[in-house]
Amino acid sequence: MAKDKKKDKKAKKIEEEQLKKISSNKILIRVFKDFGSNTAILKAEYEAEERRDAYNNLVAINKQFLHDEDTDFTIDDVYHDMQVLLEFKNKDKESKIKMLKEKIKFQEQLIKYLDQFPELNAVYNYADENLKLHDYRLLMEYTTHITGEGAYFTIEKGMRVYSFDSVDGFLVPIWRGVATHSQYPDHTRKKKIVIQEDIILKQELQKYNVNKKLGNLLIWGIIAITILFALNLWGGLKLLEMHQTMDKELHGASFQCAEYTSRLHQLYAQALQTNLFPPEQAEQIQAQLKTLEPDKVG
Amino acid sequence: MVREIEEEDALSKKHKEEEEFNTALDYLGLDKDEVKDEAFVNFKVDKEVSKKVTKLTQLPMAFRMALEGKHYDEEKGGYRQTGKAIAGQRFIAKSNGILTSYASESNLLTQKKIDTFVMQYADACMKIETELLRDRSISEKNTRVIFKMFKDTLFNIGEVITGSAENMRAVFGRIDQERQENKDMVNF
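Read top to bottom, the protein sequences are chains A and B.
Note that this note's numbering has the first sequence beginning at 105, numbered continuously upward.
Note that this note's numbering has the second sequence beginning at 70, numbered continuously upward.
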């Protein structure tokens, strides 16, 4: 007895620990392939991480298996709308099926007549009536197989397990009903249309987005300014170099001039000392030399 | 002798068809005269295209008739139900509503310019495209056909409103190219 109690406690502990994992974002995915109506073969089993995408939808991702699918499934409006229109609320399953069978029979006959006599298409719209038949058939499948109570996942070892049926490369989620154990392909088409519309709208708006255009202009302006600045800098350096070379040449000429004038002064001094001129004239020349300004030489 | 037999056969065939038609009417609870009235729309197509107003009113009507499966009967001068509708009544009403807003005579008075019409044209095409995606009554094989029909009709309306056939042709090509580029970017 004591041993059994211990075992029970251990089992309870394990269960509690496992239940804590349910809220984690890791889920187990099983992909089945249907062969006929009753045989389904397990093709793959792998873990995936649940995340929210850019549109806040729940998606499960496994990069290794290239799995990127929705896990946030919703039942299509068809079922809700039709159930209200046919007043299904207070009817039992059998009467619902009976009613639907009659509706389908009438609809099939009507389509047959519409195909046979084109004049009748003026009263009934063929596309609408065909859709109605399709909806009735869907609702028939729904009422016979699905009670509405159930989930898309089961819990195994504290982990949520989502099963998919692989149909031509598409993964169709499998509904786990309480009363029945049937498959129910869900519709995520609507969500995809919304995403597509969003992208197209964004692209359309981008064309008329003034801020972005201004931003582009600013970037181009900055690029142009930097190019101009670089050119200016290069030109300035080039000018400095030229100025320095010209300075050298100019300085050389001034040195030559200074040497020449000093030599001249020496020559004049020698000439005065050697009494080349008469003394009166020499005095005059000396006086003139004193008053002589540099730019008037020569 | 052979001719007589053939005539008799034809008569019996016709009689059978009539009988079947009557049983169909009984099954659906319809009146024969009522159906005949509904199956014929008294709308004459004016071949004088120089009249802008008549052309404008004709274009959306022709589009509607094509969607409803009615074809023009030149002998009687009206549209007669000869085929099946390719779109649901809800879509027909919506698309026709958009087209009639463009085909209004007031657009002729305001002398619409191409630049403004181009934006409206792209917007209307987008609207119809999403509507086609959402509408479950339209089968996939008819989606493209209906979209092209709508584009052509609106294009023809644009020609009349703006009074510039050559320019509209250029615009038509440009928008198509842009939409193709967008589609290439969106890979689903």
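All C-beta atoms, glycine included, are put in the ideal place defined by N, C-alpha and C.
In this text, all values refer to a predicted model and were calculated from it rather than measured experimentally.
Kindly say whether K145 of chain B, judged by its beta-carbon, lies nearer than 8 Å to any beta-carbon of chain A. Closer than 8 Å: no.
Would you call the region 209 to 223 of chain A and the region 183 to 191 of chain A touching, i.e. three or more CB-CB distances under 8 Å? Touching, no.
Name, going along the chain, the residues of the region 205 to 224 of chain A whose beta-carbon falls closer than 8 Å to a beta-carbon of chain B. Of all residues in the region 205 to 224 of chain A, the ones placed with a Cβ closer than 8 Å to any Cβ belonging to chain B are Q213, L214, Y217, L218, D219, Q220, F221, P222, E223 and L224, in chain order.
Taking Cβ positions, are I299 of chain A and Y183 of chain A nearer each other than 8 Å? In this structure, Y183 of chain A does not lie closer than 8 Å to I299 of chain A by Cβ.
So, with DSSP's three-state summary, where would you put R205 of chain B? Note: R205 of chain B maps to coil in three-state DSSP.
Who pairs with A148 of chain A in a beta bridge, going by DSSP? According to DSSP, A148 of chain A shares a beta bridge with A:V135.
Cβ distance (whole Å) where E151 of chain A is taken to contact L132 of chain A below 8 Å: Your pair E151 of chain A and L132 of chain A checks out as a contact, with CB atoms roughly 6 Å apart and the cut at 8 Å.
Are the beta-carbon atoms of G147 of chain B and K113 of chain B separated by less than 8 Å? Note that the C-beta distance between G147 of chain B and K113 of chain B is below 8 Å.
In its own chain, which residues sit with a C-beta less than 6 Å from the C-beta of N225 of chain B, not counting the 5 before and 5 after it? Correct list, in chain order: L128.
Apart from the five residues on each side of it in sequence, which residues of its chain come closer than 6 Å, Cβ to Cβ, to A144 of chain A? Within the same chain, A144 of chain A has close Cβ partners F136 and D138.
Proximity of A135 of chain B and A226 of chain A at Cβ, strictly below 8 Å: The Cβ atoms of A135 of chain B and A226 of chain A lie no closer than 8 Å to each other.
In whole angstroms, what is the alpha-carbon distance linking D108 of chain A and K261 of chain A? Taking the straight line from one Cα to the other gives about 21 Å.
Alpha-carbon to alpha-carbon, L322 of chain A and F257 of chain B: Reliability of the predicted coordinates at F257 of chain B is poor, the pLDDT of 41 falling under 50, and the value obtained from them is presented with this limitation in mind. So the alpha carbons of these two residues sit roughly 35 Å apart.
Considering only their Cβ atoms, is the gap separating D172 of chain A from L162 of chain A smaller than 8 Å? No; because the gap between Cβ atoms is not below 8 Å, this pair is not in contact.
Just reading off the alpha helix (DSSP H) that V104 of chain B is part of, what are its end residues? Residues K101 to E107.
For M130 of chain B, tell me which candidate among B:K153, B:T151 and B:G166 has the shortest Cα-Cα distance. When each option's Cα is compared against that of M130 of chain B, the closest is B:G166.
Alpha carbon of N166 of chain A to alpha carbon of T258 of chain A, nearest angstrom: Inter-residue distance for N166 of chain A and T258 of chain A is about 19 Å (C-alpha atoms, whole angstroms).
Looking only at its own chain, which residues have a Cβ that is under 8 Å from the Cβ of M272 of chain A, when we skip the five neighbours before and after it? It is Asp, not Met, that sits at residue 272 of chain A in the sequence shown. Taking D272 of chain A as the centre and dropping the five residues before and after it, the same chain places no C-beta closer than 8 Å to its C-beta.
Count the C-beta pairs between the region 148 to 159 of chain B and the region 191 to 198 of chain B that are closer than 8 Å, then say yes if the count reaches three, no if not. Taking 8 Å as the limit for Cβ pairs, the verdict is that the region 191 to 198 of chain B does not touch the region 148 to 159 of chain B.
So G166 of chain B is in the alpha helix (DSSP H); what residue range does that whole segment cover? From DSSP, the alpha helix (DSSP H) with G166 of chain B extends over Q158 to Y171.
When you compare the CB of Q348 of chain A with every CB in chain B, is at least one pair closer than 8 Å? Q348 of chain A does not count as touching chain B.
The region 222 to 246 of chain A: positions lying closer than 7 Å to chain B by Cβ: Of all residues in the region 222 to 246 of chain A, only P222, E223, L224, N225, A226, V227, N229, Y230, A231, D232 and L235 come within less than 7 Å of chain B when Cβ atoms are compared, listed by chain position.
Quick one: does E75 of chain B have its CB under 8 Å from some CB of chain A? Taking Cβ atoms only, chain A never reaches closer than 8 Å to E75 of chain B, which makes this a no.
Just tell me which of B:E228, B:N91 and B:F216 has its CA closest to the CA of F132 of chain B. When the alpha-carbon of F132 of chain B is set against those of B:E228, B:N91 and B:F216, the nearest one is in B:F216.
Assuming the contact rule is C-beta atoms closer than 8 Å, L235 of chain A and R72 of chain B should be a hit. Round their C-beta distance to whole Å, please. Between R72 of chain B and L235 of chain A the Cβ distance is about 47 Å, and since that is not below 8 Å, they are no contact.
Roughly how many angstroms lie between the CA atoms of K163 of chain B and I230 of chain B, to the nearest whole one? The alpha-carbon atoms of K163 of chain B and I230 of chain B are separated by roughly 21 Å.
Below 8 Å CB to CB, which residues in the same chain sit around I207 of chain B once its five sequence neighbours on both sides are set aside? Contacts found: I155, A156, G157, F160, L201 and I215.
Let me know the secondary structure DSSP gives T175 of chain A once reduced to three states. Here T175 of chain A sits in coil by DSSP.
How long is the line joining the alpha carbons of L243 of chain A and L178 of chain B, rounded to whole angstroms? For L243 of chain A and L178 of chain B, the distance between alpha carbons rounds to 52 Å.
Under three-state DSSP, which class holds G232 of chain B? Coil at G232 of chain B, not helix or strand.
Which residues, taken in chain order from the region 163 to 179 of chain B, show a beta carbon closer than 9 Å to some beta carbon of chain C? Absent from the structure: chain C. Protein chains present are A and B.
What residues match up with L162 of chain A in a beta bridge as DSSP calls it? Looking at the DSSP output, L162 of chain A sits in a beta bridge with A:R156.
Distance check for R134 of chain A and K210 of chain B, CA to CA, integer angstroms please. Cα-Cα distance, rounded: 34 Å.
Name, going along the chain, the residues of the region 94 to 108 of chain B whose beta-carbon falls closer than 9 Å to a beta-carbon of chain A. Those residues of the region 94 to 108 of chain B that come within reach of chain A (Cβ to Cβ, closer than 9 Å) are L94, Y96, L97, L99, E103, V104, K105, D106, E107 and A108.
Tell me the start and end of each unbroken alpha helix (DSSP H) in the region 216 to 263 of chain A that is at least 4 residues and wholly inside, in chain order. Fully enclosed alpha helix (DSSP H) runs of 4 or longer: 230 to 249.
For T247 of chain A and E253 of chain A, the rounded distance between their alpha carbons: One C-alpha to the other measures close to 12 Å.
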